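Residue numbers (my numbering): -5 to 715.
All remarks here apply to the structure that follows.
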Amino acid sequence: MLSAAIPTCPLAPLLDPFLRHSSSIQTRSQAQQLHALLLKSHPRPFPLLFSLYSALGLVRDARLAFAAAPSPSPPCYAAVIRCSTARGLFDYSVSAFVRMRSFGSPLADAVLPSVLKSCAALRDPHLGTAVHGFLIRSGWGADLFTANALMNMYCKLCHANDDGRRNSPAEVSSGDAVGGDSRKSGFSHASKFRMGPLGSVRKVFDEMPQRDVVSWNTLIAGAAESGMHVEALEMIKEMGVAGLKPDSFTLSSVLPIFAEYVDGYKGMEIHGFAIRHAFDTDVFIGSSLIDMYANCTNVDYSRRVFVLLPNPDPISWNSIIAGLVQNGMFDEGLKLFREMLLCRIKPMPVTFSGIMPACAHLTTLRLGIQLHGYVVRGGFAGNVFVASSLVDMYAKCGNVHIARRVFDGLPSPDSVSWTAMIMGYALHGPAKEALSLFQRMETENGKPNHVAFVAVLTACSHAGLVDEAWDYFHRMSNDYGIIPRLEHYAAVADLLGRAGKLEEAYDFISTMHIKPTASVWSTLLGACRVHKNAKLAENVAAKIFDIEPNNMGSHVLMSNIYSAAGRWNEVAKLRMTMKDKGMKKQAACSWIEIKNELHAFFAHDTSHPCYNKITNALKVLLGQMEREGYVPNTEDVLHDIEEEQKRNMLCGHSERLAIAFGIISTPPGTTIRVTKNLRVCVDCHTATKFISKIVGREIVVRDSNRFHHFKDGECSCGDYW
DNA sequence: ATAGGGTTAG
-5 MLSAAIPTCP LAPLLDPFLR HSSSIQTRSQ AQQLHALLLK SHPRPFPLLF
45 SLYSALGLVR DARLAFAAAP SPSPPCYAAV IRCSTARGLF DYSVSAFVRM
95 RSFGSPLADA VLPSVLKSCA ALRDPHLGTA VHGFLIRSGW GADLFTANAL
145 MNMYCKLCHA NDDGRRNSPA EVSSGDAVGG DSRKSGFSHA SKFRMGPLGS
195 VRKVFDEMPQ RDVVSWNTLI AGAAESGMHV EALEMIKEMG VAGLKPDSFT
245 LSSVLPIFAE YVDGYKGMEI HGFAIRHAFD TDVFIGSSLI DMYANCTNVD
295 YSRRVFVLLP NPDPISWNSI IAGLVQNGMF DEGLKLFREM LLCRIKPMPV
345 TFSGIMPACA HLTTLRLGIQ LHGYVVRGGF AGNVFVASSL VDMYAKCGNV
395 HIARRVFDGL PSPDSVSWTA MIMGYALHGP AKEALSLFQR METENGKPNH
445 VAFVAVLTAC SHAGLVDEAW DYFHRMSNDY GIIPRLEHYA AVADLLGRAG
495 KLEEAYDFIS TMHIKPTASV WSTLLGACRV HKNAKLAENV AAKIFDIEPN
545 NMGSHVLMSN IYSAAGRWNE VAKLRMTMKD KGMKKQAACS WIEIKNELHA
595 FFAHDTSHPC YNKITNALKV LLGQMEREGY VPNTEDVLHD IEEEQKRNML
645 CGHSERLAIA FGIISTPPGT TIRVTKNLRV CVDCHTATKF ISKIVGREIV
695 VRDSNRFHHF KDGECSCGDY W
């Protein structure tokens, strides 16, 4: 190619084969030798040299060579600009372009697409529009590649302000007000398109003299990302009319739409299309399909797609792991994470934010700490997604202080980090911390969203702060314009109920502006049980059974309420109903991790190999507890049996077995961490307070609702839960 | 030369 320029040089015959077959240059020193020969043979630098250095990843050498060039030719500028863009050195690419313009050097072919790509990556609207103006003046406006790159740049620029997450605020995309300006494009929705944030993109598209698949794909992807879902799907049809077939790029930009709409059926149609056109082995499509099926709770299909991918890439792994975890298949997620490591695929920040919730839900602090170590070693600790998931994991695994330390280490926590931390305090009890953090969030992070309000209301609820909760509840809509959702109502109703304001709670739920669910009523039913209001309970239960006739939790609660009131006939009747409906009470279970091994206990479970030791320890403890003033509270033993038997029943509760086992299997002073699947029982709560004092241990119990930290005879919940 | 996939808090 350029060898035509060389004949004047005696070295030319030597160089020629290398310049013709640049792939024969494989190492840095070979490239440098060629560079040296070129410098000797030819006063002006060779464009190929820059491409060569860049292809070998030696961008520094390329830049040095370029900086030393006295007056680079247009092809040299072009090579440097293209290479630096391809290597991600966007600012360098732009400054080379600016330098080229300032010397008045003519524009080589195929430079502008790279410059525009760099402008897009830099998210600099002034730069972008300046280049746009220049390219029109210099007559490149009609160039297909340039216009495509221009569209892409405007797409990126209009998403410059959101933080890259999927749920950007959707444009109105219903079918109204169509018609509009259809002269130019002939497309019914063009006018709406032009008025939206993608106006510039659409304008470029409409004015292109010719369009290819990339043009369409860029426009479709832009629409899909801006929430203009209907338009995006409509345009796929239109591109067919224009004689262009959708390809794997087209599909991968519209698949997330079905994931977001949770329309697995439509998603499956696309999957079928992908299979028919042999796109289904494309990793991009594969990852989108995995995510789409996982979002539609059809994670088995996600798994099938993953298994059928011939060459899953790191993102495919991330997708399947996150998909499994999001669908509650925590062990499976962890298993795949281990497989991923075995396949020598390096985890990325997303891998950890995807897998960490599994540890949080499983309450497996040990594994969480291991992953945290991995995060630190991998240099991902500064990633706000990862850090937020760590905050959440530590809080959910019972270590709210470490959670706080991770949180405090974040240079700029986002709303998720704040909310995770506030929720952490809410779960553990220090409501003051939660409230003061919320206040800090308002000043430092700006507008709290609806989830932050769920967290702060939960904190109030768990601490019995009725007035504060009302204040937040009202400020939420008055100051921030957030319409209360079910979760907010539920938190307030729960709070009122637990504070004993049963009638007020009843009225509150009855006048909600959305239809209360069975679960909202259930919290009140629970409160009726605690505050022994059987009459209101019957009323509430009727509401629940009206919505969910087979709601098992409420049958159990109602049965407990009747037993507590000694109404054994009603209990029997309810039990019959439950039996008829085939409902089975969820068995109480507590578990504890000792030396990397999980020990689970059901109530009155004698199967554990250490069962005898455990009961002996409990017997000894009971004696000490009674000397300290412990009186068994048999109120909640809901069986029609003698008092003595009731006392024995209490000792067999699953949490007590787990705690006793923890005490006899760990060195003195070790914190005991127990998890229970149901709420902790009143008597066990009292007993654990005594036990913590007697054995001088901190005992952390996570029940289905919150954490209890027992220490020196006190509990962090202040006996309010 | 230009276009694509995955993540955290209730």
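Glycine included, C-beta positions come from ideal geometry on N, C-alpha and C.
Just so you know, these numbers come straight off a predicted model, no measurement behind them.
Three CB pairs or more closer than 8 Å across the stretch 489 to 497 and the stretch 513 to 527: Counting Cβ pairs under 8 Å, three or more are found: they touch.
Of the residues M233, P603 and V299, the one placed nearest M262, counting alpha carbons only: Here the question's residue 262 lines up with position 268 in the first sequence. For M262, the nearest C-alpha among the options comes from V299.
Cβ pair S108, I75 closer than 8 Å: The residue labelled residue 108 in the question sits at position 114 within the first sequence. The residue labelled residue 75 in the question sits at position 81 within the first sequence. With contacts defined by Cβ atoms closer than 8 Å, S108 and I75 form a contacting pair.
Short Cβ contact (8 Å threshold) for F187 with M145: Residue numbering aside, residue 187 sits at position 193 when the first sequence is read from its first letter. Residue numbering aside, residue 145 sits at position 151 when the first sequence is read from its first letter. Taking 8 Å as the Cβ cut-off, F187 and M145 do not qualify as a contacting pair.
Length of the line joining the Cα atoms of G475 and E232: Numbered from its first residue, the first sequence carries residue 475 at position 481. Numbered from its first residue, the first sequence carries residue 232 at position 238. For G475 and E232, the distance between alpha carbons rounds to 40 Å.
Residues that T669 bridges to, as DSSP identifies them: One-based indexing of the first sequence puts residue 669 at position 675. W585 and R696, per the DSSP bridge assignment.
Helix, strand or coil at H355 [DSSP, three-state]: The residue labelled residue 355 in the question sits at position 361 within the first sequence. If DSSP states are grouped into helix, strand and coil, H355 belongs with the helices.
Nearest neighbour of T244, chosen from H265, D325, D137 and P64 [CA to CA]: One-based indexing of the first sequence puts residue 244 at position 250. It is H265.
Sub-8 Å separation of L249 and S282 beta-carbons: Residue 249 sits at position 255 when you count from the first residue of the first sequence. Residue 282 sits at position 288 when you count from the first residue of the first sequence. Yes, the pair counts as a contact, with Cβ atoms nearer than the cut-off.
Of the residues L303, S242, D285 and L302, the one placed nearest F273, counting alpha carbons only: Locating residue 273 in the first sequence gives position 279, where the first residue counts as 1. Considering only L303, S242, D285 and L302, the residue with the shortest C-alpha distance to F273 is S242.
Status (buried if at least 16 other CB within 10 Å, exposed otherwise) for E708: As a position in the first sequence, residue 708 is number 714, starting the count at 1. The residue in question, E708, is exposed, as its Cβ has fewer than 16 Cβ neighbours within 10 Å.
Assigned exposure category for G122 - 16 Cβ within 10 Å defines buried: On the first sequence, position 128 is the one that residue 122 refers to. Label assigned to G122: buried.
E591, enclosing beta strand (DSSP E) - first and last residue: Here residue 591 is taken as the residue at index 597 of the first sequence, counted from 1. Run containing E591: E591 to F596, per the beta strand (DSSP E) assignment.
Nearest residue (CA-CA) to V105, options T140, M202 and A536: Residue numbering aside, residue 105 sits at position 111 when the first sequence is read from its first letter. Nearest option by C-alpha distance: T140.
Three-state secondary structure assigned by DSSP to C675: The residue you call residue 675 lines up with position 681 of the first sequence. Note: C675 maps to coil in three-state DSSP.
Contact the stretch 365 to 378 vs the stretch 330 to 344: 3+ CB pairs below 8 Å: The answer is yes - the stretch 330 to 344 touches the stretch 365 to 378, with three or more Cβ pairs under 8 Å.
Assigned secondary structure, H702 (DSSP; H/G/I helix, E/B strand, else coil): As a first step, residue 702 is located in the first sequence; it is residue number 708 there, counting from the start. In this structure, H702 counts as strand in the three-state DSSP scheme.
Cβ neighbours of I477 in the same chain (closer than 7 Å, five flanking residues each side left out): As a position in the first sequence, residue 477 is number 483, starting the count at 1. For I477, where only same-chain residues beyond five positions count, the Cβ hits under 7 Å are S471.
Rounded separation between K178 and A124 - CA only: Residue 178 sits at position 184 when you count from the first residue of the first sequence. Residue 124 sits at position 130 when you count from the first residue of the first sequence. Note that K178 scores a pLDDT of 41, beneath 50, so its modelled location is shaky; the value from the coordinates is reported in the next line. Roughly 26 Å between the two C-alpha positions.
DSSP-derived helix/strand/coil call for E636: Counted from its first residue, the first sequence places residue 636 at position 642. Note: E636 maps to coil in three-state DSSP.
Inter-residue spacing [alpha-carbon to alpha-carbon] between G617 and F684: Position 623 of the first sequence, counted from the start, is the residue given in the question as residue 617. Position 690 of the first sequence, counted from the start, is the residue given in the question as residue 684. Near 11 Å, if we compare the C-alpha coordinates of F684 and G617.
Three or more C-beta pairs below 8 Å linking the stretch 681 to 695 and the stretch 643 to 659: The count of Cβ pairs closer than 8 Å, one atom from the stretch 681 to 695 and one from the stretch 643 to 659, reaches three, so the stretches are in contact.
Euclidean distance between Cα positions of L672 and D85: As a first step, residue 672 is located in the first sequence; it is residue number 678 there, counting from the start. As a first step, residue 85 is located in the first sequence; it is residue number 91 there, counting from the start. In this structure, the straight-line span from the alpha carbon of L672 to that of D85 is close to 57 Å.
Neighbourhood of K705 by C-beta, 6 Å cutoff - its chain only, sequence neighbours within 5 removed: Translated into the one-based positions of the first sequence, residue 705 becomes position 711. Sequence-distant partners of K705 (beyond 5 residues in either direction) whose C-beta falls short of 6 Å from its own C-beta, in its chain, are S686 and E692.
Nearest-angstrom Cα separation, counted from V92 out to S16: In the first sequence, counting from the first residue as 1, residue 16 sits at position 22. In the first sequence, counting from the first residue as 1, residue 92 sits at position 98. Taking C-alpha positions only, S16 is separated from V92 by approximately 29 Å.
Three-way DSSP call (helix, strand, coil) for C290 in this model: Counted from its first residue, the first sequence places residue 290 at position 296. Looking at C290 - three-state DSSP - the assignment turns out to be coil, as it is neither helix nor strand.
Reduced DSSP secondary structure (H/G/I, E/B, other) of E542: By one-based count along the first sequence, residue 542 stands at place 548. The answer is coil: DSSP assigns E542 none of H, G, I, E or B.
In DSSP terms, what E708 is bridged to: Within the first sequence, the letter at position 714 stands for residue 708. Checking the DSSP bridge columns, you'll see E708 partnered with K705.
Own chain residues within Cβ distance below 7 Å of M506, not counting five before or after: Walking along the first sequence from the start, residue 506 turns up at place 512. Cβ within range, chain order: Y483.
L9 versus L31: straight-line alpha-carbon distance, rounded: Reading the first sequence from its first residue, position 15 is the one you call residue 9. Reading the first sequence from its first residue, position 37 is the one you call residue 31. Taking the straight line from one Cα to the other gives about 8 Å.
CB contact flag (A652, V668, <8 Å): In the first sequence, residue 652 corresponds to position 658, counting from 1. In the first sequence, residue 668 corresponds to position 674, counting from 1. Contact flag set, yes.
Residue from S99, F60 and A512 whose Cα sits closest to the Cα of E542: As a working note, residue 542 is residue 548 in the first sequence. Answer by Cα proximity: A512.
Buried or exposed by the 16-neighbour rule on C-beta atoms within 10 Å, applied to C711: For the purposes of this step, residue 711 is taken as the residue at position 717 of the first sequence. Buried, because 16 or more other Cβ atoms sit within 10 Å of the Cβ of C711.
Beta-carbon proximity check, C149 vs G216, cutoff 8 Å: Taking the first residue of the first sequence as 1, we reach residue 149 at position 155. Taking the first residue of the first sequence as 1, we reach residue 216 at position 222. Here C149 is near G216, since their CB atoms are less than 8 Å apart.
Cβ neighbour criterion (16 or more within 10 Å) applied to D285: Mapped onto the first sequence, residue 285 falls at position 291. Here D285 is buried: its Cβ has 16 or more other Cβ atoms, across all protein chains shown, within 10 Å.
Residues near H703 in its chain [Cβ-Cβ closer than 6 Å; skip 5 each side]: Taking the first residue of the first sequence as 1, we reach residue 703 at position 709. Result list for H703: V694 and S710, in chain order.
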